[in-house]
Amino acid sequence: MKLVYTHENKILVENAKNLLSEHGIEAVLRNEFSSGAMGDLSPMDTWPEVWVNDDAAVQAEAVVAALKSAVQGPTWQCAHCHEENEASFDVCWQCQTEKPAV
Ligand SMILES: [Zn+2]
């Protein structure tokens, strides 16, 4: 197995996993439920992770690279809850309010 994506925001990690599934790549989440029990672990250790089989790793990394470049636009702030959202989100990840038209 190979780690192809990790992020502190679980929504983004699930998004990456779903995107891989759409490309026919079987991916599994790890650390999915660990954020409530951080204890002595460093925050990095508790980020949810997306893992794929070794034979799918090259393709998966290409998908993730495309995902990351899509995410790298300007973030936007939700008008409802003021949460910051990634550029690729069409609705607020926290409250589902639609992205304001620019
Ligand atoms: Zn919001």
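Residue numbers (the numbering used here): 1290 to 1391. Just so it is clear, CB atoms sit at the ideal spot from N, CA and C, and this is done for glycine as well.
7 Å CB neighbourhood of residue i in its chain, flanking five on each side removed
i            : result
alanine 1305 : Tyr1294, Val1339, Val1353 and Leu1356
Under 8 Å between C-beta atoms of residue i and residue j
i              : j               : result
glutamate 1315 : asparagine 1342 : yes
alanine 1376   : proline 1389    : no
glutamate 1373 : tryptophan 1336 : no
histidine 1371 : glutamine 1348  : no
6 Å Cβ shell around residue i - same chain, five flanking residues per side excluded
i               : result
alanine 1345    : Ile1314
valine 1317     : Trp1340
threonine 1386  : Cys1367 and His1369
isoleucine 1300 : Trp1382
glutamate 1321  : Pro1337
glutamate 1350  : Val1293
Paired residues, beta bridge with residue i - DSSP
i              : result
lysine 1291    : Val1341
glutamine 1366 : Glu1373
glutamate 1387 : Val1380
valine 1302    : Paired residue(s): none; valine 1302 is not in a bridge.
leucine 1309   : Beta-bridge pairing links leucine 1309 to no other residue.
valine 1317    : Trp1340
Proximal residues to residue i (C-beta, below 8 Å), its chain only, five neighbours per side dropped
i              : result
serine 1273    : This structure cannot speak to residue 1273, because the chain is shown only from 1290 to 1391.
aspartate 1379 : Glu1387 and Lys1388
lysine 1438    : Here the chain covers residues 1290 to 1391 and nothing more, so residue 1438 does not appear.
Cutoff 8 Å: residue i Cβ touching any chain D Cβ
i               : result
isoleucine 1314 : No chain D appears in the structure shown, which is made up of a single protein chain.
Exercise. Among all residues, which have a Cβ less than 6 Å from at least one non-hydrogen atom of ligand 1, and in what chain order do they fall?
Worked result: Cys1367, His1369, Cys1370, Glu1372, Cys1381, Gln1383, Cys1384 and Thr1386
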